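So the sequences go chain by chain: Z and V.
Taking the working numbering as reference, the numbering of the first sequence is continuous, increasing by one, and the terminal residue is 452.
Taking the working numbering as reference, the numbering of the second sequence is continuous, increasing by one, and the terminal residue is 379.
C-beta atoms are modelled at their ideal positions from N, C-alpha and C, and glycine is treated no differently.
Quick caveat: nothing in here was measured; it's all calculated off a predicted structure.
This report concerns only the one structure given below.
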Amino acid sequence: MAAIADLAGVDLGVHGETFHEERRRCNWCIWSFEQTIQPLDYTKNMTRADYIGPLPSSVGMEIPGSMAGRGSQHADNGIVRFLPHLESIWSLAAKYIQDTHEQTYDIPLWKKDSDYTRITARMLEFETVFPPEHRSDRTRPDQYSKEEVRNDWGYWTAWLSTQIIYHTIITLLNHPLPVSARFRSNERFPRTFSQATTDLVMLHSNWTGRLLEMMKEMSCEITDPFLGYCVSVAATVYLHFCQSENPSVREMSEASLANAKRVLRSLSARWPVMSQVVSLQDIYKNCIIMQANV
Amino acid sequence: MKYCHGQPLLLFHPCIERDFEIRDPELIAAIIALSMRFLDDALASEMKLEANDFATYSRNTVSKRVNDGKIRLSTIQSLVLLSFLDFTGKLLDNELVSGH
């Protein structure tokens, strides 16, 4: 479909720029689906290429007007243009999980040539190109009224996708399950690295929780099934920390888990596939409880 | 546009809200089939057959365009929407869900 989407010879109609923009978006959507929604198949050990097609514009998704014009040294490149970059990294993170499951890795996580280190470097590279105007410390929906957010919903959906995918990639990398699965009993696991992964997974899964809470307070419904999958990743982390001996960690995790479950149930009403993600969550929860009781 | 635009589908220019009715029929049908996922629960189950009819019509029209070699941008856009509908409507592997 991606080859067809190159649209050579396709009749673009007479609407000029509108259709050129929709052609760019269609091209990117197909690639995006291959990175995120389409079931992954790494049996041939192929990695997905970075997106090199024409980038979609941010028409209809401009940064909210009241925040524009604040002093900035960086040109506003439009937020949607950064999603292909992030989705490329997502597919690497998904492969990291797949390789963990299939035990097709041979370099310990903390070493400089590991997939963990390479993906972390890609994320840091992303941070250097992502404009500060779109970061959550400068721009957040709770700085606006509910009506303003609804009127600029085109921007906020792209903003939300960027935030959640960013935090989910780091959550996946540092998730207790793949980290412990890759620990080999005959190797010494650096305590510093172990603590760093715990800190990172807590920080970034909590950020996902804060974003969900923000959307709830703004009465904004999340309808993207891929973001639902990202929420389920964070929920598996909350499940782990619900067993924590630290009461404040346990309490925060339980609250975040409740919110995540609310979003997943809402999504399962729209998308049948999400109802089964919710079932998998229950199975995972039982596994963790059994492991904690051993 | 209310529920799916940017979540995750960024297929359309915002002007689609103005020119929706003059878009190709297979695209209109695919959009309607997807939109019916967002009806309230009672209406959604009542309209499930209609949603399937719209999706089927879209698929058949797209197939005809492909067979006739008359692919347009709307053909590809319809395929994207139909693929999205199919993927999000399907069940996961039964063994995975039952935990065996």
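Coarse secondary structure for V/LEU290, derived from DSSP in three states: coil
Own chain, CB closer than 6 angstroms to V/PHE366, minus 5 neighbours either side, in chain order: none
Below-8 angstroms beta-carbon distance, V/ILE355 vs any chain Z residue: yes
Contact under 8 angstroms by Cβ, Z/TRP311 with Z/HIS292: no
Contacting residues, own chain, Cβ-Cβ under 7 angstroms from Z/ARG428 (five flanking each side not counted): THR381
Neighbour list for Z/ARG428 in chain V, Cβ cutoff strictly below 7 angstroms: ARG316, PHE317
Z/ALA287 - containing alpha helix (DSSP H), residue span: Reading off the sequence, residue 287 of chain Z comes out as Val, not Ala. That run of the alpha helix (DSSP H) goes 273-287.
Endpoints, alpha helix (DSSP H) assigned at Z/LEU244: 241-260
Stretch pair the region 390-401 of chain Z + the region 339-351 of chain Z: three plus CB contacts closer than 8 angstroms: no
Contact set between Z/GLU179 and chain V, taken where Cβ atoms lie within less than 7 angstroms: HIS292
Z/ILE327 - containing alpha helix (DSSP H), residue span: 311-331
Proximal chain V residues relative to Z/PRO212, where beta-carbon distance stays under 9 angstroms: Per Cβ cutoff of 9 angstroms: no residues; Z/PRO212 is ~13 angstroms from chain V at best.
Range covered by the alpha helix (DSSP H) that runs through Z/SER414: 405-428
Neighbour-count burial assignment, V/HIS292, 16 or more Cβ in a 10 Å radius: buried
Inter-residue Cα distance where the pair is Z/TRP365 and V/ARG344: 46 angstroms
Beta-carbon separation (whole angstroms), V/GLY368 vs Z/PRO383, contact threshold 8 angstroms: Incorrect: roughly 10 angstroms between the Cβ atoms, too far for contact.
Where the alpha helix (DSSP H) containing Z/MET372 begins and where it ends: 349-375
Interface residues of chain V facing Z/PHE384 [CB-CB closer than 7 angstroms]: PRO287
V/SER342 at chain C interface by Cβ criterion, 8 angstroms: The question asks about chain C, but that chain is absent: this structure's protein chains are Z and V.
Beta-carbon neighbours of Z/ILE188, restricted to chain V and to distances below 7 angstroms: VAL359
Supposed contact pair Z/PRO336 and Z/THR394 - C-beta distance, whole angstroms, cut 8 angstroms: At roughly 11 angstroms, the Cβ-Cβ gap does not stay under 8 angstroms, so Z/THR394 and Z/PRO336 are not in contact.
Nearest neighbour of Z/GLU220, chosen from Z/THR315, Z/SER406, Z/TRP189 [CA to CA]: Z/THR315
Pairwise C-alpha distance: Z/LYS269 and Z/LEU241: 28 angstroms
Beta-carbon contacts of Z/LEU282 that lie in its chain and below 6 angstroms, excluding the five residues immediately before and after: none
C-beta atoms of Z/GLU379 and Z/SER424 nearer than 8 angstroms: yes
Contact check, Z/GLY211 vs Z/ASN185, beta carbons under 8 angstroms: yes
Residue range of the alpha helix (DSSP H) that includes V/THR354: 352-368
Beta-carbon spacing of V/GLU296, V/SER353 below 8 angstroms: no
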